[in-house]
Amino acid sequence: MKKVLKYLSVTQLMEDVRDMNGVMPVRRFVITTIAAGSGVYGACLLYRINYVLAFVVMLVAVAMIPGLVRNYFRECSEAARFADVDVYLHQMTYSFIRNPKVNMALKDAYAISTGRLKRCLSRAIEELEYGMGQRVYEDALRIIEEEYDCARIRTLHKFIVSVEEKGGRYRGAMEVLLEDFDRWVNNVYKYQNEIRKIKRDITIGIVISMLLALLTTVMCNMLNMFAKEPLSITSTAAYQGISVLFVLLCIVFYTFTRKHYGFDWIGKSRKDNQIINDYNSVFKSKARQVTLRMVPIWAGMCAVVVLLVVMKLWIPALCLAGVMIVLMSTPFTQKKTAVKRVKNDLYCGFTEWLRDLAVNLENKPLLSAVEDTYDDCPVIMKEPLEKFIYDIELNPSDIKPYYEFLSEFNVMDIQSAVRMLYSIGDLDKDSMNQTINALVRRNYELSDKAENARYMDSTSMMRFSEYVPTFFVAFKMAVDMMLVVNMYL
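To convert, note that position 390 of the sequence shown is 390 in this note's numbering; the numbers rise steadily by one, no gaps.
Printed below as a string of structure tokens:
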């Protein structure tokens, strides 16, 4: 009950909006709520829903408003955070290329930033200027990393601090990072625009469906013009029930799409524990062995099915046989879906790891560059990378570790990219730069492929949901037509 009251509280809503760096006067919220409630109530009256049921539907619609308001400002906040990251990454990179000093790059970024980013950079610059720790650069930049939990920011910080403290080449690596930032930002903006289009189309679809649902009411009025005794389906309990259900479905579906069709533009799409569970399910669990352990249970269920058949209880026998088939196939279907998710995780994780490796190779030999990526590497690659480092430390000239690294995933794009690493160690500087550039281009291809697959998976269901309102109106009109036929014929 406390959660419900907190959800409906206007005071709490205003606090939540302020926490998301938004502004919404109470007057605006009240006007929005009244307008939404009046619109829903008016729609109910057009459908000839009685006053009591229309009032109930209106209350449901009004109860959705606080959630929609919170979600609107949350979306705005997430979009603003991503815009901050875009500004920060590009400005820091441009400034550092021109003048390889962390404090100067931070001041340049501060000069063009606004809002949350400007406040965050102010604290970072203050820590850099007045901090007393031995790792003052890391402490200052950690303020930004904690505010914007972004892997690309961490990679940029790690590299510029290394250049600041140790010197060395940096232009090639910064160009690699800059192109990576450009591709990532463009892909995200493209996806954001796609999400907005989907939400717009869904809203239009709901409006059109609600207009089409009025046709049966109009048709009844037209029939009454030619009938000796006026009849109406709108007074029946079936019509009232289906109309209330239709309006509620439209309201709930609209609220669902607004609240769930979003994205964490900066962070990961999946949590580490989810990735680890799928990894263990694919590589450390045996679906066949699980099924074999259940053989005694399957045998017992088969005996019961046979007994039911002998007793001519066909429906229970079919139901039990269906349950048995589902249970037997579940370990295999779960593993199959986990394999698909693991490969998608690997694509995203490998491109992140390869970007970090390409940056490290600017000033480090291959083995040191690989080892330096282990602490921050994606969780999907932790175990394979640990084994890879161990194998190349035992015999740096052996080609076998490069062919075995990530081979268990059976992804040819990634395996061919890994094999390019073998030739780097013995190359001169110019040849190494060419190989690294080829590796970076391969990384961009993999990154685009991973991002596109990720976005296609998430938008495919969203696109399908554009047709859901047509199912609602088709169901309502079918029931209405049955009532019309039954009453007038």
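Where a beta carbon is used, it is the ideal one built from N, C-alpha and C, also for glycine.
query                                                                                                                                                                        : result
Would you mind stating whether R48 and T217 have Cβ atoms separated by less than 8 Å?                                                                                        : yes
Measure the Cβ-Cβ separation of V40 and V57 and say whether it is below 8 Å.                                                                                                 : yes
Please confirm if the stretch 159-174 is in contact with the stretch 357-372, defined as three or more CB-CB distances below 8 Å between the two stretches.                  : yes
Alpha carbon to alpha carbon, how far is S113 from V87? Give it in angstroms, no decimals.                                                                                   : 8 Å
If we count Cβ pairs, one from each stretch, closer than 8 Å, do we get three or more for the stretch 76-85 versus the stretch 244-252?                                      : no
According to the Cβ coordinates, are Y374 and Y402 closer than 8 Å?                                                                                                          : no
If you draw a straight line from the alpha carbon of W265 to that of M210, how long is it in whole angstroms?                                                                : 33 Å
Determine the DSSP secondary structure at Q134, reduced to helix, strand or coil.                                                                                            : coil
How close, in whole Å, do the beta carbons of E408 and F246 come, if the pair is a contact with beta carbons under 8 Å?                                                      : Not a contact, Cβ separation roughly 51 Å.
Can you give the Cα-Cα distance for I325 and C302, rounded to whole angstroms?                                                                                               : 11 Å
Count the other C-beta atoms from every protein chain shown that fall within 10 angstroms of the C-beta of M132, then say buried if there are 16 or more, exposed otherwise. : exposed
Hey, I275 and V418 are a contact pair by Cβ (cut 8 Å); roughly how many whole angstroms apart?                                                                               : 20 Å between Cβ atoms; not a contact.
Quick test of the definition: if touching needs 3 or more C-beta pairs under 8 Å, does the stretch 196-211 touch the stretch 461-481?                                        : yes
Short of 6 Å in beta carbon distance, which residues of its chain neighbour P316, apart from the five on each side in sequence? Order them along the chain.                  : L308
Which ranges would you report for the beta strand (DSSP E) in the stretch 63-87 if only whole runs of at least 3 residues count?                                             : none
Quick one: grab the DSSP three-state call for L375.                                                                                                                          : First, the amino acid is wrong: residue 375 is Asp here, not Leu. Three-state DSSP puts D375 in coil, outside helix and strand.
So, with DSSP's three-state summary, where would you put E362?                                                                                                               : coil
Is the stretch 342-358 close to the stretch 442-452, with three or more CB pairs under 8 Å?                                                                                  : yes
If we count the other Cβ atoms within 10 Å of its Cβ and call it buried at 16 or more, is T257 buried or exposed?                                                            : buried
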